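Protein chains in written order, with this note's numbering: chain D, 79 to 208; chain E, 1390 to 1516.
Heads up: the structure comes next, in structure tokens.
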């Protein structure tokens, strides 16, 4: 399968997330300072924050996607908590995530956002020590 | 106010459990998880879910063995079971699958089809 098609799907997925940032509180795309906004990326990163300092980053690539969630510093000890998920997102053959294949970048972005919300909820519920 | 319907996902692959949870959880269904058939049967008895979604190939106890135990127990035999399979069933497995399972997903799955099949069997998330 051509790399070109995988990159096209990555671009479509990035656009889908960009649309979601307009309607989803706390969701944004991290734009690196050293790369022009319109440059075709090999990867892109989406950030989701809640009401406090906990946050989730999703780094999306054509063959590898990783989620990292941090509990932040709302509690004295909460900053120690971190969750990392390596997600089987594969864009070479379709909008595939593990055993599922989505019909569009929008559908896959929606599923990945749901997983980000789940992880944000999990790290936000970290109990302080004592 | 009654809690929303509960679905048990029995699957040894964590990433696949993430996918099912993403498809179903934020559409309102509550989710509990198990990582093999033995743990799955225990969770069925503990939580009495509205639906079980199970993989076939798992360590400790596979999906067929777990479904046989569920169907043999009067307390839980009526709970619908959806099966996920990555490989074609043999003829004998097809016959048994017909008696054990209420539906089948072949990998790769389409999220919209998963949701439609779940709704066909147990209706919307709300009781």
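Quick reminder that beta carbons are idealized off the backbone N, C-alpha and C, glycines included.
None of the values given here were measured: they were computed from a predicted structure.
Exercise for the section: Mind the definition here: the segment 1453-1460 of chain E touches the segment 141-152 of chain D only if three or more C-beta pairs lie below 8 Å; say whether that holds. Expected result: Because the criterion of three Cβ pairs below 8 Å is not met, the segment 1453-1460 of chain E and the segment 141-152 of chain D do not touch.
Exercise for the section: For residue 1391 of chain E, count neighbouring Cβ atoms within 10 angstroms of its own Cβ and tell me buried if that reaches 16, exposed if not. Expected result: It is exposed - the Cβ of residue 1391 of chain E has fewer than 16 other Cβ atoms within 10 Å.
Handout entry: Residue interval of the beta strand (DSSP E) (run including residue 1436 of chain E)
Key = From DSSP, residue 1436 of chain E is part of no beta strand (DSSP E) but of the alpha helix (DSSP H) over 1426-1436.
Practice task
For residue 104 of chain D, name the three-state secondary structure that DSSP assigns.
Solution key: Coil at residue 104 of chain D, not helix or strand.
Practice task
Kindly indicate which residue of D/176, D/125, D/160, D/161 has the alpha-carbon position closest to the one of residue 167 of chain D.
Solution key: Checking every option, the nearest Cα to that of residue 167 of chain D belongs to D/176.
Practice task
List the DSSP bridge partners of residue 135 of chain D.
Solution key: Partner(s): D/125, D/146.
Problem - Residue(s) in a DSSP beta bridge with residue 178 of chain D - result: Residue 178 of chain D pairs with D/175, E/1498.
Handout entry: the segment 176-198 of chain D: positions lying closer than 8 Å to chain E by Cβ
Key = 176, 177, 178, 179, 180, 181, 185, 189, 190, 192, 193, 195, 196: these are the residues of the segment 176-198 of chain D whose beta carbon lies less than 8 Å from some beta carbon of chain E, given in chain order.
Handout entry: Contact belief for residue 1473 of chain E with residue 1496 of chain E at Cβ below 8 Å, rounded distance in angstroms
Key = Sure, about 7 Å apart at Cβ, within 8 Å.
Problem - Closest residue to residue 1421 of chain E among E/1431, E/1434, E/1398, E/1427 (Cα-Cα distance) - result: Closest by alpha carbon: E/1398.
Exercise for the section: Please work out which residues of its chain come closer than 6 Å, Cβ to Cβ, to residue 169 of chain D, disregarding the five sequence neighbours upstream and downstream, and give them in chain order. Expected result: Scanning its chain for C-beta atoms nearer than 6 Å, with the 5 sequence neighbours on each side dropped, one finds around residue 169 of chain D the residues 84, 87, 88, 140, in chain order.
Exercise for the section: Find the residues of chain D that neighbour residue 1496 of chain E, judging by a C-beta separation of less than 7 Å, and give them in chain order. Expected result: Those are 177, listed as they occur along chain D.
Problem - Proximity winner among E/1444, E/1433, E/1411, E/1511, relative to residue 1475 of chain E (alpha-carbon distances) - result: Here the closest residue by C-alpha is E/1444.
Practice task
Flag residue 1405 of chain E as yes if its beta-carbon sits less than 9 Å from any beta-carbon of chain D, otherwise no.
Solution key: A Cβ of chain D is located within less than 9 Å of the beta carbon of residue 1405 of chain E.
Problem - Residue-level contact to chain D via CB, residue 1415 of chain E, 9 Å cutoff - result: Interface residue, yes.
Problem - Within chain D, partners of residue 1411 of chain E - CB distance below 7 Å - result: Within chain D, the residues 189, 192, 193 have their CB atoms less than 7 Å from the CB of residue 1411 of chain E, given in chain order.
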